[in-house]
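Notes to accompany the following structure.
Residue numbers (full-length UniProt numbering): 1 to 345.
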């Protein structure tokens, strides 16, 4: 079993304590939004965390109702983040779970204007998903958005002006996942079958030149964004442009700062690593409380938010037995540098 840290790091500040597994946190102009993937039990999927401790369904209760069609309700939210335009962007995976079937019309990117809390636009990804797809996360690069597909290995490129989505690097080895190891154990579903999560994490370099990406089992690659952004580039040419960039461990989430350093959660050793632009690696923090840090968030005040989601302890990834310890914690620590303007404000 991997060596786990035994001492708590005083730099970690517990910010929120949740009674459900929480995998996403983002901030928009001082407001805080959280997402719950229903990994432990069903319920509201996106909330605003108010200063008085209340959790208010966002953008409203209707979008969070499970008995509504996908035309006006979430299927399964797996990512949310503020964009460079100040909007809140919500990724609907389109499938109720990893390995589940796609719900027609469910895979979407939903833009919400925080000024009036209204859904401003919905981008449908149907033409770019497979039946077994699980749209995982998104990053922005000007008027282009890139998505990871953890269910069917591949990336999705969305033109934010035209709304056209297309699939790239479909089934490429760099997007395909192997065994995911957390706390020394491989993930297994309730039947005991090993779970594999395909391309999961992705980040855009501050200058917009590179897209970095990897499956949850680790092994980070990169490709120049100009090749992805050009729909005329043939699939075999795209495949040749992929570069292996860094050997990484099984990972829950990433973030990137204005200097181009990537923050990466190491599921095997309950720590967060920093990958420098030159490929150097250092440990930022190691703490026994950092159990499956998922989608991290770097805010404008140079603070890294870390939801310790404990996903590997949920029944769906732990052989059918939940050993999640509640409350689920979200931590924060100063890192001395903020996010790239290209990523978010």
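Beta carbons: idealized from backbone N, C-alpha and C, even for Gly.
For clarity, every value in this text was computed on a predicted model and none was experimentally measured.
Identity of the residues DSSP links to residue i by a beta bridge
i, result
"residue 266", "251 and 271"
"residue 47", "34 and 57"
"residue 100", "Beta-bridge pairing links residue 100 to no other residue."
"residue 29", "Answer is none; residue 29 lacks a bridge partner."
"residue 319", "Note: residue 319 sits in no beta bridge, so no partner."
"residue 109", "91 and 123"
Rounded Cβ spacing between residue i and residue j (contact assumed at less than 8 Å)
i, j, result
"residue 99", "residue 70", "That belief does not hold up - the Cβ atoms of residue 99 and residue 70 are roughly 19 Å apart, past 8 Å."
"residue 136", "residue 200", "5 Å"
"residue 46", "residue 58", "5 Å"
"residue 143", "residue 125", "Rounded, the Cβ-Cβ distance is 16 Å, inconsistent with contact."
"residue 88", "residue 114", "6 Å"
"residue 86", "residue 308", "With 8 Å as the limit, residue 86 and residue 308 do not qualify as a contact, their Cβ atoms being about 28 Å apart."
Buried or exposed by the 16-neighbour rule on C-beta atoms within 10 Å, applied to residue i
i, result
"residue 232", "exposed"
"residue 264", "buried"
"residue 279", "exposed"
"residue 1", "Residue placement at residue 1 is flagged as unreliable, the pLDDT there being 48, under the threshold of 50; the coordinate-derived value follows with that caveat. It is exposed - the Cβ of residue 1 has fewer than 16 other Cβ atoms within 10 Å."
"residue 68", "exposed"
"residue 270", "buried"
"residue 335", "buried"
"residue 219", "buried"
"residue 174", "buried"
"residue 295", "buried"
"residue 329", "buried"
"residue 243", "exposed"
"residue 93", "buried"
CA nearest to the CA of residue i, picked from the options
i, options, result
"residue 66", "273, 43 and 12", "43"
"residue 181", "266, 208, 142 and 76", "266"
"residue 82", "157, 255, 293 and 329", "255"
"residue 112", "303, 20 and 123", "123"
"residue 241", "260, 284, 211 and 262", "211"
"residue 151", "102, 161, 162 and 238", "102"
"residue 250", "285, 204, 222 and 196", "196"
"residue 208", "244, 282 and 258", "258"
"residue 253", "118, 158, 140 and 304", "304"
"residue 63", "56, 54 and 74", "74"
"residue 21", "310, 117 and 148", "310"
Taking the runs of the beta strand (DSSP E) that are 3 residues or longer, which of them lie wholly in the segment 118-170? 118-124, 135-141, 144-149, 154-159 and 165-168
Go through the segment 177-261 residue by residue and report every complete run of the beta strand (DSSP E) that reaches 3 residues or more, in order. Within the segment 177-261, complete beta strand (DSSP E) segments of at least 3 residues are found at 199-204, 210-215, 220-224, 243-246 and 251-256, given in chain order.
Runs of beta strand (DSSP E) wholly within the segment 279-343 (minimum 3 residues, chain order): Correct list: 281-286, 303-307 and 328-334.
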